[in-house]
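Below is one structure; the comments refer to it alone.
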Amino acid sequence: MGWGIVATCAAIRAGITRPTSLHDLYLTDQDLLESVPLVGHPVSGLTDGFGPLGRWLQLAQACVCDLRQEAGLPPAEDVRFWGQTGWIFVLPHLEEARYLEVQDFGSALLTAAWLKRLKQLLGLSWRQDAVHFIHAGHAGTAAAIHLAGQLLAARNVERLVIVAVDSYLDETSLEWLWAHRRLKSPDRPVGLMPGEAGACLLVESLSGARQRGASVLALLPAAGAGCEDRSFLSGQHSSGEALARLVEQVLPAGLAGSGAPGELVCDLNGEEWRARAWGHFLIRLHARQEGQWRVRLPCISVGDVGAASGALGICMVARSFARKYSAGSHALVLSSAEHGDVGAIHLQAPGGGR
Numbered sequence: 300m301g302w303g304i305v306a307t308c309a310a311i312r313a314g315i316t317r318p319t320s321l322h323d324l325y326l327t328d329q330d331l332l333e334s335v336p337l338v339g340h341p342v343s344g345l346t347d348g349f350g351p352l353g354r355w356l357q358l359a360q361a362c363v364c365d366l367r368q369e370a371g372l373p374p375a376e377d378v379r380f381w382g383q384t385g386w387i388f389v390l391p392h393l394e395e396a397r398y399l400e401v402q403d404f405g406s407a408l409l410t411a412a413w414l415k416r417l418k419q420l421l422g423l424s425w426r427q428d429a430v431h432f433i434h435a436g437h438a439g440t441a442a443a444i445h446l447a448g449q450l451l452a453a454r455n456v457e458r459l460v461i462v463a464v465d466s467y468l469d470e471t472s473l474e475w476l477w478a479h480r481r482l483k484s485p486d487r488p489v490g491l492m493p494g495e496a497g498a499c500l501l502v503e504s505l506s507g508a509r510q511r512g513a514s515v516l517a518l519l520p521a522a523g524a525g526c527e528d529r530s531f532l533s534g535q536h537s538s539g540e541a542l543a544r545l546v547e548q549v550l551p552a553g554l555a556g557s558g559a560p561g562e563l564v565c566d567l568n569g570e571e572w573r574a575r576a577w578g579h580f581l582i583r584l585h586a587r588q589e590g591q592w593r594v595r596l597p598c599i600s601v602g603d604v605g606a607a608s609g610a611l612g613i614c615m616v617a618r619s620f621a622r623k624y625s626a627g628s629h630a631l632v633l634s635s636a637e638h639g640d641v642g643a644i645h646l647q648a649p650g651g652g653r
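Adding 299 to a residue's 1-based position in the sequence shown gives its number in the numbering used here.
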């Protein structure tokens, strides 16, 4: 859909979708009695030919470069700025069943090697004690925002860059999805279309942003992460209760009954278990929130982008605030993962609205 935030969000807003045949995995069409390629949403020209670690590197490098350009961040030579900048990397769960690299080298060595190579590609210096990893699937960005708030409050750093990347399009990830019967196919219409994405956020205190004359695209009043008692991978249906509790925590009480609060970006992707959990959640949401939300589904345009979905949702909301086409001055980004992780992020437009 694009290699930058502006083009990608514009395409999603316009409803553009460009699914592509993937020739790494073929499925059988029982009606035609022939093999057909799986359909997905690759970032063509950027990740072609790479395995999982290479795809993460390509996506991370591209989105960090886009952030530096769009936000007008200082060059790498500004040691003061980058020395006071922390990093949070949101990656998928490192499962041995999904990644051969984890089986061969272990998760610690894998992430260390990946981080070293990314640092070389970006040409930036950072403090080792200011680098954090989060592996919580779709809910990773919510956990990262929550952690960023704690680190900023403790004054460990002046700002944080959150980098969220994931790809379901490497060969072993596709096989893992197929083994769990999660892929959409001619004979299984209830399933996901695999995608990939990298999304990057700069999070800092409002006073810090104003002091350096930065353009504030969105405020982050609250974010929370939790875990459902039952999850897809445990073989049980989620009730949506943990997600509903998070929404109650991050939304101010006075927002209920105030008309249409704004936009709700969620990670529905075509899977039955996620739709079922979403239905349970909506019952609880409407019991507490009288206003109606305008629901936005980025997966229609980009497929399921895994751990990058939450950060992508924030980017969509921030652009809608900046371009004045949001449904209101508030927004929610909601996430739920196959392991049971859930997250909720409340955003508010700078200055209070459109």
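All residues carry an ideal CB built from backbone N, CA and C; glycine is no exception.
- Relative to the Cα of G436, the nearest Cα in the group E495, S504, L646, A552 belongs to E495.
- Within the model, the alpha-carbon separation for G609 versus A643 is close to 9 Å.
- Collapsing the DSSP output to three states places T316 in coil.
- As computed with DSSP, R595 is found in a beta bridge with V564.
- Here DSSP, grouped into helix, strand and coil, assigns S343 to coil.
- The alpha-carbon separation between A576 and S533 amounts to approximately 14 Å.
- In the same chain as L550, and ignoring 5 residues on each side of it, the C-beta atoms closer than 7 Å to its own belong to H645, in chain order.
- In the DSSP annotation of this structure, the continuous segment of the alpha helix (DSSP H) that includes Q449 starts and ends at 439-452.
- Between L596 and V564, the CB-CB gap stays under 9 Å.
- Counting along the chain, no beta strand (DSSP E) covers F531, and no H or E run does either.
- Shown here, V378 sits in a helix according to DSSP, grouped into three states.
- Pairing A447 with I461 gives a Cβ-Cβ distance under 9 Å.
- The C-alpha of T319 lies about 5 Å from the C-alpha of G339.
- For W386, the enclosing beta strand (DSSP E) has its first and last residue at 384-390.
- Of the candidates H479, Y325, K623, the residue whose Cα lies closest to the Cα of P649 is K623.
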